[in-house]
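**Student:** Protein chains in written order, with our numbering: chain A, 1050 to 1399; chain B, 1050 to 1399; chain C, 1050 to 1399; chain D, 1050 to 1399.
Cβ atoms here follow ideal geometry from the backbone N, Cα and C, with glycine treated the same way.
Number of protein chains: 4
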Amino acid sequence: MKNTARRLLLAAGIAAIAFAAPAAAQDAGMKRWKQGTGWGWVWGPEDEVGALNEMTDASRAAALRLAAQGRAYDLGLPYDRNSYRWPGHNPGEIMTFRTPEGVARQRDLPFTTAEQGNTGHTRWHSSAMFISDNVATQIDGLAHITHGADNHWYNNFRADQWTGDFGVRKADVTTIPPIVARGVMIDVAGQKGMEALPSNYEITVADLEAALRAQNVDVTPGTVALVRTGTARFWGENGSDHAKIGQHDTAGIGMAAARWLVEQKGAMMIASDTSGLEVLPPRPADSQFVGGSFNPVHVYLLVNQGVHIGEFHNMERLAADRVYEFAYVATTNAIRGTVAGTALRPLALR
Amino acid sequence: MKNTARRLLLAAGIAAIAFAAPAAAQDAGMKRWKQGTGWGWVWGPEDEVGALNEMTDASRAAALRLAAQGRAYDLGLPYDRNSYRWPGHNPGEIMTFRTPEGVARQRDLPFTTAEQGNTGHTRWHSSAMFISDNVATQIDGLAHITHGADNHWYNNFRADQWTGDFGVRKADVTTIPPIVARGVMIDVAGQKGMEALPSNYEITVADLEAALRAQNVDVTPGTVALVRTGTARFWGENGSDHAKIGQHDTAGIGMAAARWLVEQKGAMMIASDTSGLEVLPPRPADSQFVGGSFNPVHVYLLVNQGVHIGEFHNMERLAADRVYEFAYVATTNAIRGTVAGTALRPLALR
Amino acid sequence: MKNTARRLLLAAGIAAIAFAAPAAAQDAGMKRWKQGTGWGWVWGPEDEVGALNEMTDASRAAALRLAAQGRAYDLGLPYDRNSYRWPGHNPGEIMTFRTPEGVARQRDLPFTTAEQGNTGHTRWHSSAMFISDNVATQIDGLAHITHGADNHWYNNFRADQWTGDFGVRKADVTTIPPIVARGVMIDVAGQKGMEALPSNYEITVADLEAALRAQNVDVTPGTVALVRTGTARFWGENGSDHAKIGQHDTAGIGMAAARWLVEQKGAMMIASDTSGLEVLPPRPADSQFVGGSFNPVHVYLLVNQGVHIGEFHNMERLAADRVYEFAYVATTNAIRGTVAGTALRPLALR
Amino acid sequence: MKNTARRLLLAAGIAAIAFAAPAAAQDAGMKRWKQGTGWGWVWGPEDEVGALNEMTDASRAAALRLAAQGRAYDLGLPYDRNSYRWPGHNPGEIMTFRTPEGVARQRDLPFTTAEQGNTGHTRWHSSAMFISDNVATQIDGLAHITHGADNHWYNNFRADQWTGDFGVRKADVTTIPPIVARGVMIDVAGQKGMEALPSNYEITVADLEAALRAQNVDVTPGTVALVRTGTARFWGENGSDHAKIGQHDTAGIGMAAARWLVEQKGAMMIASDTSGLEVLPPRPADSQFVGGSFNPVHVYLLVNQGVHIGEFHNMERLAADRVYEFAYVATTNAIRGTVAGTALRPLALR
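1. Whose Cβ in chain B lies nearer than 9 Å to the Cβ of ASN1287/A?
2. Among LEU1158/D, ASN1363/D, ILE1180/D, GLY1325/D, which residue has its Cα nearest to the Cα of VAL1346/D?
3. In this structure, how does DSSP classify LYS1080/C when only helix, strand and coil are distinguished?
4. Using the three-state DSSP reduction, which class does TRP1284/D fall into: helix, strand or coil?
5. ILE1358/D: which of SER1336/D, ILE1302/D, ALA1397/D, PRO1333/D sits nearest, CA to CA?
6. Taking its Cβ as the centre, do 16 or more other Cβ atoms sit within 10 Å of GLN1401/A, making it buried, or is it exposed?
7. How would you list, in chain order, the residues of chain A whose beta-carbon sits under 7 Å from the beta-carbon of ARG1147/D?
8. Cβ of PHE1160/C less than 8 Å from any chain A Cβ?
9. What in chain C is Cβ-close to ARG1134/D, meaning under 7 Å?
10. I'd like to know whether the C-beta of HIS1151/C is nearer than 8 Å to at least one C-beta of chain B.
11. Give the residues of chain E in contact with ARG1394/B, contact being defined as C-beta atoms less than 8 Å apart.
12. From GLY1341/A to ALA1163/B, what does the alpha carbon distance come to, in whole angstroms?
13. Buried or exposed: which applies to GLY1093/D, given that a residue is buried once 16 or more other Cβ atoms fall within 10 Å of its Cβ?
14. Nearest-angstrom Cα distance between THR1086/C and LEU1113/C?
15. Please classify ASN1304/C: does DSSP put it in a helix, a strand, or coil?
16. Chain B partners of ASN1139/C, CB-CB under 9 Å?
17. Run through DSSP, which three-state label would PHE1343/C get?
18. With distances taken between CB atoms, is the gap from ALA1100/D to TRP1088/D smaller than 8 Å?
19. Near ASN1102/C, which residues of its chain fall below 8 Å by C-beta distance, leaving aside the five closest residues on each side in sequence?
20. Return the CA-CA distance between GLN1084/A and GLY1355/A, expressed in angstroms with no decimal places.
21. Grab me the residues of TYR1133/A's own chain with a C-beta within less than 6 Å of its C-beta, minus the 5 sequence neighbours each way, in chain order.
22. Should GLN1155/C be flagged as near chain B, meaning a C-beta pair shorter than 8 Å?
23. To test your reading of the DSSP string, which unbroken alpha helix (DSSP H) runs of 4 or more residues are found completely within the segment 1108–1193 of chain B?
24. For the segment 1305–1313 of chain B against the segment 1135–1154 of chain B, are there 3 or more C-beta pairs whose distance is under 8 Å?
25. May I have the straight-line CA-CA distance separating PRO1227/C from ARG1218/D, to the nearest angstrom?
26. Does the CB of TRP1173/B have a neighbour CB from chain A at under 8 Å?
27. How would you write the range of the beta strand (DSSP E) that ASP1209/D sits in, first residue to last?
28. Is the Cβ of GLN1210/C closer than 8 Å to any Cβ of chain B?
29. Please classify GLU1244/D: is it buried, with 16 or more other beta-carbons within 10 angstroms of its beta-carbon, or exposed?
30. Specify whether the segment 1166–1185 of chain B and the segment 1238–1254 of chain A touch according to this definition: at least 3 beta carbon pairs, one from each stretch, less than 8 Å apart.
31. Going along chain C in order, which residues have a C-beta closer than 8 Å to the C-beta of THR1223/D?
32. Let me know the secondary structure DSSP gives VAL1378/A once reduced to three states.
33. Inspect the beta-carbon positions of GLY1119/D and ALA1316/C and report whether they are closer than 8 Å.
34. I want to see whether chain A comes within less than 8 Å of GLY1166/B, judged by CB atoms only; does it?
35. Report the partner residues of LEU1396/C according to the DSSP bridge assignment.
36. Give the single residue among ARG1366/D, PRO1159/D, LEU1246/D, ALA1230/D whose Cα lies nearest to the Cα of THR1323/D.
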């Protein structure tokens, strides 16, 4: 879709909402979602939050009621220097910065010496990290992906105004609210009886429908939808088996599934257990849908719809326990300028 | 307390638990806590979790029932390069690593070029971070502080065995389970009618009791206790007013309050809104209690009791809304080797 | 000077050289320098080297003949995490990355184990550095400073084309040739009988002339001119006395001295013992000379003339030994994209 | 050789020097070198310099006289994020820290604004580097390699005393003096008529002798010996062809050649054009010579002899021009704690 065309469409959509949609949206308990178009740039010109604006006290309370058993599933994958990562990001190192032995030898801080009272030898560890804001279990912020020759992201924030030296200055990760919402895991690999989907497999709408039917659960407006390919089962201790992970990491949803989830079902956020959610390489028609792109589903969700993406969410224990519906609770770190929550541990509470 | 003495005491404590305590502990719904001694190294020689082992499905379910209104309070303070931090940690930088403009100019990745199909100019932001594992809103892991000439930490893990080049190898942050527990905020500053406690103010047991009485709420075994000094109100956008923050940051609990919370009330974790929870400088008797230390409450809680510490937890909105009891939900990042959750956003769900 | 005006002037300069200057320039052994205008963008549209193009085998051989005694003066100032630096650059950390103890404990590399033959316990230290390309003893590359609304640097390379994600892509530090040239130290502080020049002192042409006269040495075309303020004497072990260094660091040359050195004397590079060579704050007329700038001498030298700048060059031992003429030998690190040689040790060979 | 045995031998060597060696050593213009044993820990218990202590004004002057033509050969290999490196070191990133566009957008420094006089739009580039102290063209400092269960390095400095949190505290890179010495390139690949030596090829004494004979030049006491394998010819722009470089990178000298160069010829420093100078894997007898080691020649040179090692020195242009004797001039960066000069540009002046 051309940029101009999209804007017209969005403008039309806004008008539609203003005049006609409220009834339907309220039916679904939604503020702005409209079946058939989803969201878009519908939250005003200053908005940096997107579809997560739909959360309310009522929706959070309803989500938390799903956690009546008090079981907590940690969806995070542990990260270290050897972990699998996308080549467009920087490598990472965790370095022991201060060590008990180093503090003792260095004697650079007077309060650590026995002479000044530290006769019990209190010392500490701390680590310096050189790390990407996009590794292991992530939530992509709305500023992560830009599109168009004008390098705009969600809500028309543009690089020539809002890309700074210390990260982005609009829709950075600190604008992602704490996410407390109904979560639904769609176990596509499980429904197909596979350990993990094969390389380059496109998850279709039919796949999602079949899995949901088998699970007897549905995606309703405002749900965080988690799509399982099975890739995370090969992560192990630290994601060091790059070949095996890479083999399955290219499976994912195409544009049709993304649009169905957002426009027909009202998924407020979509996550998967791969590094990039979407099938790779993109289907030519999907690429053309956004005017030519190596990551069209990202453009569609993050830029055009304002829908956050979850990546490398570990659903293996959910799958083993056949847990398909839960309270999804996730917060990113509060680091200004960064564009994604990195090495996170979202929770599925049941 | 001498190390040997402490071990004897702990051994005695373990024996006591084994033979006599279960009844009382079970009364409080606790597995190992014993009124009068708290915890200690009571979870077996391989344990890296400490007091948080007390969490159960039942305790989490009970905690989550406190969130019936669905209100979410974000306790995190936003971090950037100018934020206040303890001088023992490294400074931080968030650097725009890949930028839309840079990707376009650099042309180092073929899939980003129009020739290879990216005619819609999809590009991205990512940030490289050089950051400490101990900044802004933190949860100190049990390996953070060491003590004794043998540089041991919780459960007798020692530096000469378990301090590695890539962080610690026992009780790192990945061993902190997702924390879902009853939280109680003890608003000491509020009870005293102060914006924030003055420099070097020691919060006493009487202060805690008075605040709890005024709030009509109690700390029960398994509670996460959050003690408010008011310091976080001066954090602002990014904690850049070092002088003002520093002025109040030295207020905190002393050993008496720490022991009362753990040994008498069963607080499973203690947090505050300062960089280090405890009053600075430490009272001489508190320092001597652990054999001489610049941070005796840290030694007592992390090393001796296995009780995690929360720092720079922002309770300003809780205080404004007079919310004193809630579900506390926090996860650290899953970064192997690191010793604290950094720049976190714990939640108080109400 | 307006950008357009400067271009015309430069164009005029080039024309002048092409038709009339060769005789005079050759007289001085120079290829392109012209008394009265200096250099400029005279080396062709692809040039990234600037005035250092003047070096030849003959000029290097002549310079090295000044080192007949074989004495070597190290002009570098040692850098560590506490060193004084300009606030526009990132702080630095040197971190022990691999340590003998860590290698032994970590056992992550099989060849380090006794089982695989390392019975003699060979291990190693290496450090990871997080460092700026602009600290301690520096040589500013021609891409360091940009000017004009079009963000151009030397030879009209512009940010919108040549600033990449991994540093600059034109005139980075790898394009600075090894510098082997006649060096002359102009001891302004010494001539005035001062330990160091006072804050904000502007070094004038008269100051330079007086010092050179007292030293009985002259700046000739192709010389590297080192101007001594005395600031480096307060660097000590690691430049940690920021107040004392900062007090003198604002002394330096103004536009008149810079122009005299380049246009009248043919200095091929200018260095000093401060962080920024030029007097701060800049004189209003100097700022206006380049259209309004906080660093007009940098703009004049780096952008307009193609003359490299040396900073924090330690001349204390040269001054003590009254060594005023020598072979100046310096190489930067060969790190692509960086814009300055950092923590260097240039040599004065005598 | 066992540690105790070596110490006795060294003690014997010191005695021998004290009573008998001076005549022979002075004959060669050396202070402490003794034919048959080389150096060792002969410079006193506080020494951090090693064999480079041999340099004098006279030796430097003599070396510089070799540069009569004034030709400068840059021996450095350019480094970037894609460069070949040893897996024991951290990866590197050069990041544009401040950019003209970012400075303009960020407006975080008042002096950069037009309101405060910067009407000419002066801005700047600087880079933040995350880099190893051991990449591209290096000089290994004497603290780089440790040996023995006590983790000692040159002159018996031990990790339990002198390894700090911010690098090593004895014999770091700042203790390496500026190196100005006679250099001799030994073109083993050239003498054999090969582009580059094959994988795992051990350069023998006979190889060195044959090449020196063909070149009609000799290694004399105090010489920096550069041994050419031809590997650097595959470095290209940035050392990104890891497979091709790796194929030749394992060729190098064994213990016999190392000992011959140091003990018989008096080479004061030995360099090559590979990442590690010595043949890999080490010959079993070489490994046993130091009690079992994956890097026995490093142990012999750095730890036992106090002889610095040069790595990835690019000799391709020297070879093309058949330049075998020259003044070798190299300085490392002055960064406290680091153990090697990194991404250097040593010079061969002719």
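**Tutor:** Let me spell this out:
1. Taking the first sequence and counting its residues from 1, the one referred to as residue 1287/A is at position 238. By Cβ distance, chain B contributes ARG1385.
2. Here residue 1346/D corresponds to residue number 297 of the fourth sequence, with the count starting at 1. Comparing Cα positions, the closest option is GLY1325/D.
3. Locating residue 1080/C in the third sequence gives position 31, counting from the first residue. The answer is coil: DSSP assigns LYS1080/C none of H, G, I, E or B.
4. As a first step, residue 1284/D must be located in the fourth sequence, where it is residue number 235. The answer is coil: DSSP assigns TRP1284/D none of H, G, I, E or B.
5. For the purposes of this step, residue 1358/D is taken as the residue at position 309 of the fourth sequence. Comparing Cα positions, the closest option is ILE1302/D.
6. With chain A represented from 1050 up to 1399, any question about residue 1401/A goes unanswered, as that position is not in the structure.
7. Translated into positions along the fourth sequence, residue 1147/D becomes position 98. By Cβ distance, chain A contributes ASP1214.
8. In the third sequence, counting from the first residue as 1, residue 1160/C sits at position 111. So no, PHE1160/C is outside the interface.
9. In the fourth sequence, the residue the question calls residue 1134/D occupies position 85. Those do not exist, as ARG1134/D stays about 11 Å from chain C at its closest Cβ, beyond 7 Å.
10. For the purposes of this step, residue 1151/C is taken as the residue at position 102 of the third sequence. The residue you asked about is not His; residue 1151/C is Gly in the sequence shown. Yes - at least one Cβ of chain B is within 8 Å of the one on GLY1151/C.
11. No chain E is present in this structure, whose protein chains are A, B, C and D.
12. Sequence index remark: in the first sequence, residue 1341/A carries index 292 (1-based). Sequence index remark: in the second sequence, residue 1163/B carries index 114 (1-based). Distance between the alpha carbons of GLY1341/A and ALA1163/B: 8 Å.
13. Working through the fourth sequence from its first residue, we reach residue 1093/D at position 44. Here GLY1093/D is exposed, its C-beta having fewer than 16 other C-beta atoms within 10 Å.
14. Here residue 1086/C refers to the residue found at position 37 of the third sequence. Here residue 1113/C refers to the residue found at position 64 of the third sequence. Counting only the Cα atoms, LEU1113/C lies some 28 Å from THR1086/C.
15. One-based indexing of the third sequence puts residue 1304/C at position 255. According to the sequence provided, residue 1304/C is Met. The question's Asn does not apply to it. Helix.
16. Taking the third sequence and counting its residues from 1, one reaches residue 1139/C at position 90. The contacting residues are ARG1130, PRO1140, GLU1142, MET1144, PHE1179.
17. Taking the third sequence and counting its residues from 1, one reaches residue 1343/C at position 294. Residue state, collapsed to three classes: coil.
18. The count along the fourth sequence starts at 1 and reaches residue 1100/D at position 51. The count along the fourth sequence starts at 1 and reaches residue 1088/D at position 39. A contact, by the Cβ cut-off of 8 Å.
19. By 1-based counting over the third sequence, the position of residue 1102/C is 53. So the qualifying residues of the chain are LYS1080, ARG1081, TRP1092, ASP1096.
20. Mapped onto the first sequence, residue 1084/A falls at position 35. Mapped onto the first sequence, residue 1355/A falls at position 306. Answer to the nearest angstrom: the Cα atoms are 15 Å apart.
21. Position 84 of the first sequence, counting from 1, holds the residue named residue 1133/A. Only GLY1288, HIS1291, ILE1294 meet the Cβ criterion.
22. By 1-based counting over the third sequence, the position of residue 1155/C is 106. So yes, GLN1155/C belongs to the interface.
23. The segment 1108–1193 of chain B contains these whole alpha helix (DSSP H) runs: 1149–1155.
24. No, they do not touch.
25. By 1-based counting over the third sequence, the position of residue 1227/C is 178. By 1-based counting over the fourth sequence, the position of residue 1218/D is 169. Taking the straight line joining both Cα atoms gives about 31 Å.
26. Indexing the second sequence from 1 puts residue 1173/B at position 124. Yes, TRP1173/B lies at the interface with chain A (some Cβ there is under 8 Å from its Cβ).
27. By one-based count along the fourth sequence, residue 1209/D stands at place 160. First-last for ASP1209/D: 1208–1211, but that is the alpha helix (DSSP H), not the beta strand (DSSP E).
28. Sequence index remark: in the third sequence, residue 1210/C carries index 161 (1-based). Judged by the 8 Å Cβ criterion, GLN1210/C is in contact with chain B.
29. The residue given as residue 1244/D occupies position 195 in the fourth sequence. GLU1244/D should be labelled exposed.
30. no
31. In the fourth sequence, the residue the question calls residue 1223/D occupies position 174. Going along chain C in sequence order, the residues near THR1223/D (Cβ under 8 Å) are PRO1127.
32. Here residue 1378/A is taken as the residue at index 329 of the first sequence, counted from 1. Three-state result, VAL1378/A: strand.
33. For the purposes of this step, residue 1119/D is taken as residue 70 along the fourth sequence, with counting starting at 1. For the purposes of this step, residue 1316/C is taken as residue 267 along the third sequence, with counting starting at 1. Taking 8 Å as the Cβ cut-off, GLY1119/D and ALA1316/C do not qualify as a contacting pair.
34. Position 117 of the second sequence, counted from the start, is the residue given in the question as residue 1166/B. True, the Cβ-Cβ gap to chain A drops below 8 Å.
35. As a first step, residue 1396/C is located in the third sequence; it is residue number 347 there, counting from the start. ASP1123/C, VAL1378/C.
36. Here residue 1323/D corresponds to residue number 274 of the fourth sequence, with the count starting at 1. Nearest C-alpha to THR1323/D: LEU1246/D.
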